[in-house]
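Just so we're aligned, residue 6 is where the sequence shown starts under the numbering used here, counting upward by one.
Don't be surprised by glycine CBs; every beta carbon is placed ideally from N, CA and C.
Heads up, the thing below is written out as structure tokens.
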Amino acid sequence: MSEEKDSHKEKDAKKDYDLLKEKHGLAELEELDREFVLGQLEPGKFLLRSILFKIQERCDFALKILNDIIQPENHLANMQESERFSDNDRKKVLELMRKLSYGEKELLLMEFNYSEEGAAALIKRFYSDWIAVKPELLNVLERLRDTWKGDSESRQEYGYFG
6 MSEEKDSHKE
16 KDAKKDYDLL
26 KEKHGLAELE
36 ELDREFVLGQ
46 LEPGKFLLRS
56 ILFKIQERCD
66 FALKILNDII
76 QPENHLANMQ
86 ESERFSDNDR
96 KKVLELMRKL
106 SYGEKELLLM
116 EFNYSEEGAA
126 ALIKRFYSDW
136 IAVKPELLNV
146 LERLRDTWKG
156 DSESRQEYGY
166 FG
């Protein structure tokens, strides 16, 4: 019974979104879900607000990763990963952070000054911006992953490990 109810809610949310998509020229719901992991959305008047919240979560997650490169916390893993980036690389990471941080602040402003029209415009703009910066973000993530491939010598000496 619960699965049937969830399926019905999902179909209602999809119908509601399709109306908003038509009205505001939004991207396909599946595209937004692929990029921002929307999951199951509640139908109704808070649909766009729910999507904005999921976008903000994804943006915050990306910003935390980038911030750990620029200013690694006192964790060995963060310090090892940060080491892989030259000063020039860090400038590029900072520029990527600037772009995402601007979008994050727009999302916060919309949270405190919500309107359907503003939310739809922001979803369109942020989705477009996200697609533009995603290759840079993927490049950074690949470099972080490659930190752990093979035997790499650290340039730093680390203190007491317990």
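Original post:
With C-beta atoms as the reference, is D73 less than 8 angstroms away from N83?
Top reply: yes
Original post:
If you count every other CB in all the chains shown that lies within 10 Å of the CB of L81, and 16 or more means buried, which is it?
Top reply: exposed
**OP:** Kindly indicate the opening and closing residues of the alpha helix (DSSP H) around Q85.
**Re:** 81-88
Original post:
What is the rounded straight-line gap between the Cα of I75 and the Cα of V98?
Top reply: Answer to the nearest angstrom: the Cα atoms are 8 angstroms apart.
Original post:
DSSP three-state call for A32: helix, strand or coil?
Top reply: coil
Subject >> Alpha-carbon spacing of L53 relative to L43, whole angstroms >> reply: For L53 and L43, the distance between alpha carbons rounds to 11 angstroms.
**OP:** For A32, I'd like the list of residues in its chain whose CB is within less than 8 angstroms of its CB, leaving aside the five on either flank, ordered along the chain.
**Re:** K26, I128, K129, Y132
Original post:
Can you tell me the Cα-Cα spacing of F166 and F90, whole angstroms?
Top reply: With a pLDDT of 48 at F166, under the threshold of 50, the predicted position of this residue should be treated as unreliable, though the coordinate-derived value follows. Cα-Cα distance, rounded: 24 angstroms.
**OP:** Between the Cα of D38 and those of L24, S55, L113, spot the shortest distance and give me the residue it belongs to.
**Re:** S55
**OP:** Closer than 6 angstroms by C-beta to S87: which residues in its own chain qualify, once you throw out the five before and the five after it? Chain order, please.
**Re:** I74, P77
**OP:** Output the distance between the C-alpha atoms of K154 and F66, rounded to the nearest integer angstrom.
**Re:** Within the model, the alpha-carbon separation for K154 versus F66 is close to 23 angstroms.
Subject >> Residue environment, K16, which counts as buried when at least 16 other CB atoms sit within 10 Å >> reply: exposed
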